[in-house]
Amino acid sequence: MGLVDIFLVYFVLNFIFIVSVSYMIVAGEVSNTWKNETIPVLSLATIMTILLVFGLVYEPAGYVGAFTSMLLIAKSKINGRVFGKISESPVLCVMYLIGLCALSFVMTYWKLGSVKAGIALGVVYLAYSVLALYSHRIREEACDKSCHKCE
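Residues in the sequence shown are numbered consecutively from 229, following the working numbering.
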């Protein structure tokens with residue numbers, strides 16, 4: 229599997245996961261597992277960045293490490309600890325996603341030598357940012373509707 233193939237697999241997986249997580253957020257299925265709907269978005273962006281970095285650096289052998297880290301990050305208790313503080317603020321979420329985008333862009337440019345890949349990466353992380361901000365808005369609306377303070 230070549231580097232360009234790894235990059236294409238990354239985008240196909242991102243598309244599938246972004247669509248599924250956005251459906252879960254809109255349908256209200258995420259809040260059954262997580263208290264904060266932003267946490268799965270940050271978790272997914274982190275997992276996909278790890279997948280891209282390991283895939284580009286170590287090529288197919290790197291996917292073993294990436295999938296292992298995915299299994300660890302995917303647990304909701306670990307997600308709450310890792311992304312709890314970041315997920316409270318929309319600004320911190322966007323800054324975190326900008327950092328992930330920069331890391332992905334640097335790795336992609338280093339391995340593929342293409343600036344055009346940065347446009348595609350920007351679109352992916354823009355989708356993650358929109359999902360994070362939308363989930364914050366949903367959470368704030370839910371807090372406004374209820375008469376008690378949100379956790």
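The beta carbon of each residue, even a glycine, is placed where N, CA and C say it ideally should be.
If you're wondering where the values come from, they're calculated on a predicted model, not measured in any experiment.
### Task
Within 10 angstroms of the Cβ of M323, are there 16 or more other Cβ atoms? Answer buried if so, exposed if not.
Locating residue 323 in the sequence shown gives position 95, counting from the first residue. Under this definition M323 is an exposed residue.
### Message
Mapping the DSSP letters down to three states, classify G341 as helix, strand or coil.
### Response
Along the sequence shown, read from residue 1 onward, the residue named residue 341 stands at position 113. G341: coil per DSSP, three-state reduction.
### Query
If we count the other Cβ atoms within 10 Å of its Cβ and call it buried at 16 or more, is C332 buried or exposed?
Residue numbering aside, residue 332 sits at position 104 when the sequence shown is read from its first letter. It is Ser, not Cys, that sits at residue 332 in the sequence shown. Burial call: buried.
### Message
Nearest by alpha-carbon distance to L236: which of C321, C329, T336 is it?
### Response
As a working mapping, residue 236 is identified with position 8 in the sequence shown. The shortest Cα separation from L236 among C321, C329, T336 belongs to T336.
### Task
Buried or exposed for S218, please, with buried defined as at least 16 other CB atoms from any protein chain shown within 10 angstroms of its CB.
Given a span of 229 to 379 for the chain in the structure shown, any question on residue 218 remains unanswerable.
### Query
With distances taken between CB atoms, is the gap from F311 to S357 smaller than 8 Å?
The residue labelled residue 311 in the question sits at position 83 within the sequence shown. The residue labelled residue 357 in the question sits at position 129 within the sequence shown. For F311 and S357, no; Cβs fall outside 8 Å.
### Task
Label T261 either buried or exposed according to how many other C-beta atoms from any shown protein chain fall within 10 Å of its C-beta, with 16 as the threshold for buried.
Counting from one through the sequence shown, the residue named residue 261 turns up at place 33. Summary for T261: the model assigns pLDDT 49, below 50, so the residue's position carries little reliability; its value from the coordinates is reported in the next sentence. Classification for T261: exposed.
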